[in-house]
Amino acid sequence: TILSAIGELQTLKPDFISVTYGASGSDNCDSTLAIASAIQNDYAIESVAHLPCVNLTREVALQQLSRFQEAGIENILALRGDLPEQGGVSGDFQYASDLISLIKEHGDFNIIAACYPEGHLESPDIVSDIRSLKLKVDAGVDHLITQLFLNNDAFYRFRERTALAGIQVPLQAGVMPIINKKQIERIAAISRVSLPKKFTTMMERYENNPEAMRDAGIAYAVDQIVDLITQRVDGIHLYTMNNPYVARKIYEAVHRLMTV
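In my numbering, the protein residues as written are 7 to 266.
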């Protein structure tokens, strides 16, 4: 299923495709490596391999980096990762910044990090969150990708704060088309993503009509992206969730609007 999705996404000529590592502290680096390697070597698209460190020892992390290098994978999204449901950090890395420092010292990787326009769920406030982000960037990050957000004003405020903090690496906006109610309810439960009135009204109007909900979610994402592009965002990272139909509809709509 994933390879079929990649084949369809390839026709859209993405700058890169990222490969997740699993949620809630799971460990599936073999799958990440295999898929990222196929994207890079079989489909000739830049791949970004996620690497969470919540359960990694320093030795295992170095082994993973070596495997990525051997597969020709040059881009790594360095994360702390989700804490396991039972227990906390069990490896040698307390924070993503610790992993970033290690990657920077071993190999010539393009290092990407995550950031949170409305603050990480575990941060006491946005100022603390920006300080933590600055530590990651100073450790060796080349560019940033945000968690999804549904209110562009939250992104613009965040962009201003990062600039004031002296964070100068490119900042890509993460956009996820919400195509069903359960999807956003699950995300909202584990993050600080706020739901604007415009969005909740849309959900209430179409939640019992799956096709209309899908189309409305695509339209909402397109509206976000066009606004971000006009505000000179550094890039758009589209969370496709292996759904090439949704990705294509957004791609076509955005390109049509931006070339009028």
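Just so it is clear, CB atoms sit at the ideal spot from N, CA and C, and this is done for glycine as well.
Taking DSSP as the reference, what is the three-state secondary structure of HIS261? helix
Can you say whether VAL239 is buried or exposed, counting buried as having 16 or more other CB atoms within 10 angstroms of its CB? buried
Taking its Cβ as the centre, do 16 or more other Cβ atoms sit within 10 Å of ARG86, making it buried, or is it exposed? buried
So VAL181 and LEU263 are supposed to be a Cβ contact under 8 Å. How far apart are they, rounded? At roughly 15 Å, the Cβ-Cβ gap does not stay under 8 Å, so VAL181 and LEU263 are not in contact.
Should LYS142 go down as buried or exposed, given a rule of 16 or more other Cβ atoms within 10 Å for buried? buried
With a 10 Å radius around its C-beta and 16 neighbouring C-beta atoms as the bar for buried, classify ASP135 as buried or exposed. buried
Measuring alpha carbon to alpha carbon, tell me which residue in SER53, ALA40, GLU14 and SER107 is nearest CYS59. SER107
Taking the alpha-carbon of ARG73 as reference, which of MET208, LEU39, ALA179 and GLN46 has the nearest alpha-carbon? LEU39
Where in the segment 146-212 do unbroken runs of the alpha helix (DSSP H), each at least 4 residues long, occur, reported from the N-terminal end onward? 158-170, 187-195 and 203-212
Which value, in whole angstroms, describes the spacing of the CA atoms of GLY13 and ASN47? 13 Å
Report back the beta-carbon spacing between GLU213 and LYS187 to the nearest angstrom; my notes put them in contact at under 8 Å. 5 Å
Figure out for me which residue from GLU80, PHE115, LYS204 and ALA67 has the closest Cα to the Cα of SER53. GLU80
Per DSSP, what kind of secondary structure is CYS35 in: helix, strand or coil? helix
Length of the line joining the Cα atoms of ALA227 and LYS110: 34 Å
For ILE118, count neighbouring C-beta atoms within 10 Å of its own C-beta (all shown protein chains included) and say buried if the count is 16 or more, exposed if not. buried
Using the C-alpha atoms, what's the distance from LEU68 back to SER37? 18 Å
With DSSP as the reference, label ALA40 as helix, strand or coil. helix
In the DSSP assignment, find the beta strand (DSSP E) that holds LEU57 and state where it starts and stops. 53-58
Buried or exposed (CB count within 10 angstroms, at least 16 for buried), GLY78: exposed
Work out the CA separation of ILE196 and SER30 for me, nearest whole Å. Per-residue confidence for SER30 stands at a pLDDT of 43, beneath the threshold of 50, marking its modelled position as unreliable; no derived number is given.
Excluding the five sequence neighbours on either side, which residues of its own chain have a C-beta within less than 6 Å of the C-beta of ILE184, listed in chain order? ILE190 and GLY223
Distance, GLN237 Cα to PHE205 Cα: 21 Å
Taking only the alpha-carbon atoms, compute the straight-line gap between ILE193 and LEU201 and give it to the nearest angstrom. 11 Å
Can you grab the Cα-Cα spacing for the pair VAL133 / SER10, in whole Å? 42 Å
Inside the segment 99-125 only - beta strand (DSSP E) runs reaching at least 3 residues: 116-121
Specify the secondary structure class of SER24 as computed by DSSP and reduced to three states. strand
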